[in-house]
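For reference, the structure discussed in these notes is given below.
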Amino acid sequence: MAYSEKFKELFMRPRHCNEIEYTHTAEVVYPEHGDRVRIFIKVEGNLIKDIAFKASGCPRVIAASEAVCRLANGKNLEAINSLEEKDVRNEMEFFDEGYECIKAPLEALKKALLDVN
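According to UniProt numbering, the stretch in the sequence shown is residues 1 to 117, in order.
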């Protein structure tokens, strides 16, 4: 399988794989594949002011985690609720639908936002 340059950038040089002060967090684990993603977000008002992730597993879950962070950072909560898997795949330039792990970071983000007022 050949990965796009964008995919390689997301995987090899993630900007959001770090520690931040956060107000909400959630983790999603796909044990059958060994993938684990924790998303950390700092919400102020109706905006995601900062976002980060920690992930382990395949290159696709790490690249997808970075893609989700790039899509969500600075956005309002309504925009986040409308994010879909296809948006993540477009950001990654990865369209092979045979991999479920792409869903984990977006699932974690939406789970983290469940208790935001």
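Think of the CB as a built atom: it goes at the ideal place given N, C-alpha and C, for glycine as much as any other residue.
Given the structure is predicted, the values throughout are model-derived calculations rather than measurements.
Where residue i falls, given that 16 or more other Cβ within 10 Å makes a residue buried
i, result
"Val-37", "buried"
"Ser-4", "exposed"
"Asp-96", "exposed"
"Leu-114", "exposed"
"Ala-2", "exposed"
"Ile-20", "exposed"
"Val-116", "exposed"
"Glu-44", "exposed"
From the options, residue whose alpha carbon lies closest to that of residue i
i, options, result
"Glu-93", "Ile-80, Ala-52 and Arg-60", "Arg-60"
"Ile-80", "Ala-72, Asp-87 and Lys-86", "Ala-72"
"Val-29", "Leu-114, Lys-49 and Ile-102", "Ile-102"
"Glu-78", "Ile-20, Leu-109 and Glu-21", "Leu-109"
"Met-12", "Ser-65, Leu-106 and Glu-44", "Ser-65"
"Ala-104", "Glu-21, His-33 and Glu-9", "His-33"
"Ala-112", "Asp-50, Gly-74 and Ile-39", "Ile-39"
"Lys-49", "Asp-35, Glu-27, Tyr-99 and Arg-70", "Arg-70"
"Asp-87", "Asn-76, Lys-42 and Leu-106", "Leu-106"
Whole-Å CB distance - residue i paired with residue j, under 8 Å assumed
i, j, result
"Ala-63", "Phe-7", "5 Å"
"Ala-67", "Cys-17", "Between Cys-17 and Ala-67 the Cβ distance is about 12 Å, and since that is not below 8 Å, they are no contact."
Continuous alpha helix (DSSP H) stretch holding residue i: start and end
i, result
"Glu-66", "59-72"
"Ile-102", "Unbroken run through Ile-102: none, as it is neither H nor E."
"Glu-5", "5-12"
DSSP-derived helix/strand/coil call for residue i
i, result
"Arg-89", "helix"
"Glu-19", "coil"
"residue 143", "Outside the displayed span of the chain (1 to 117) sits residue 143, for which this structure offers no information."
"Ala-55", "strand"
"Leu-109", "helix"
Where the beta strand (DSSP E) through residue i begins and ends
i, result
"Phe-40", "35-44"
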